[in-house]
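*Asks:* Numbering (the working numbering), first residue to last: 20 to 87.
(1) Note the first and the last residue of the continuous alpha helix (DSSP H) segment covering residue 36.
(2) Looking at the secondary structure, which residues open and close the alpha helix (DSSP H) in which residue 65 lies?
(3) Does DSSP classify residue 81 as helix, strand or coil?
(4) Hey, residue 31 and residue 47: beta-carbon distance below 9 angstroms or not?
(5) How long is the line joining the alpha carbons of residue 29 and residue 35, rounded to whole angstroms?
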């Protein structure tokens with residue numbers, strides 16, 4: 020029984036047939052290279068520019084309550 024070889028049109032398909040998660044790994048690698056080269060990634064920009072939540076200033080001196 021001989022193995023049937025599927026006809027492949029692109030190098031991409033060939034790589035994917037040998038390495039199922041090739042595309043995902045390639046994307047991860049490119050992101051890592053960007054980070055290494057010092058280019059700011061979109062994720063970092065998004066994190067940086069999220070509006071900061073306003074925190075109630077609890078260390079402020081509270082006005083004494085009027086006792087009736």
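Glycine residues also receive a C-beta, built at the ideal position from the N, C-alpha and C atoms.
*Replies:* For this structure:
(1) The residue given as residue 36 occupies position 17 in the chain shown. Residues 30-37.
(2) The count along the chain shown starts at 1 and reaches residue 65 at position 46. First-last of the alpha helix (DSSP H) with residue 65: 61-67.
(3) Translated into the one-based positions of the chain shown, residue 81 becomes position 62. Residue 81: coil per DSSP, three-state reduction.
(4) As a first step, residue 31 is located in the chain shown; it is residue number 12 there, counting from the start. As a first step, residue 47 is located in the chain shown; it is residue number 28 there, counting from the start. Cβ distance not < 9 angstroms, so residue 31 and residue 47 don't count as in contact.
(5) Position 10 of the chain shown, counting from 1, holds the residue named residue 29. Position 16 of the chain shown, counting from 1, holds the residue named residue 35. The alpha-carbon atoms of residue 29 and residue 35 are separated by roughly 10 angstroms.
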